[in-house]
């Protein structure tokens, strides 16, 4: 399965993928976040103390600075309710957060176990693949 999955990813490197699979997906050069991540931890927060950058985003920014190809994996999107899945629409649409645009070499992949539990808005923004 891994070889097939890597071919799908490579042939769609400029697209956001939604991969339906019952197996955990582990990819090289990837940064994973849980679909249950709190919305406030999806972007850069600014307050009187300055900016707070989430750990996953800091790791991604550092990798991009080193000119590395990175895969941002949002795990188990179907494990949060349909309405909560909307918190990822901006990240997927703009391929970035809070004005920070991901490098063109950074790819976004969502995973799910049951495609029927993924909201239609997200499905319309991605290429769907079976893992």
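Residue numbers (the numbering used here): 31 to 161.
We put the beta carbon where it would ideally sit given N, CA and C, even for glycine.
Every value quoted in this text rests on a predicted model; they were computed, and no experiment measured them.
Exposure of residue i, with buried meaning 16 or more beta-carbon neighbours within 10 Å
i	result
residue 81	exposed
residue 101	buried
residue 148	buried
residue 141	buried
residue 78	exposed
residue 137	buried
residue 90	buried
Beta-carbon proximity check, residue i vs residue j, cutoff 8 Å
i	j	result
residue 161	residue 51	yes
residue 35	residue 55	yes
residue 115	residue 152	yes
residue 72	residue 156	no
residue 99	residue 135	yes
Residue i, DSSP secondary structure in three states
i	result
residue 77	strand
residue 57	coil
residue 117	helix
residue 92	helix
For residue i, the first and last residue of its enclosing beta strand (DSSP E)
i	result
residue 66	Premise fails: residue 66 is in no beta strand (DSSP E) and is neither H nor E.
residue 151	From DSSP, residue 151 is part of no beta strand (DSSP E) but of the alpha helix (DSSP H) over 150-153.
residue 156	Premise fails: residue 156 is in no beta strand (DSSP E) and is neither H nor E.
residue 112	Where residue 112 is concerned, there is no enclosing beta strand (DSSP E), given that its DSSP letter is neither H nor E.
CB-CB length for residue i against residue j, believed under 8 Å
i	j	result
residue 39	residue 128	Contact doesn't hold; Cβ gap of about 26 Å is too wide.
residue 143	residue 106	7 Å
residue 133	residue 94	4 Å
residue 63	residue 86	5 Å
Start-to-end residues for the alpha helix (DSSP H) that takes in residue i
i	result
residue 138	Looking at the DSSP string, residue 138 is not in any alpha helix (DSSP H); the run it does join, the beta strand (DSSP E), is 137-142.
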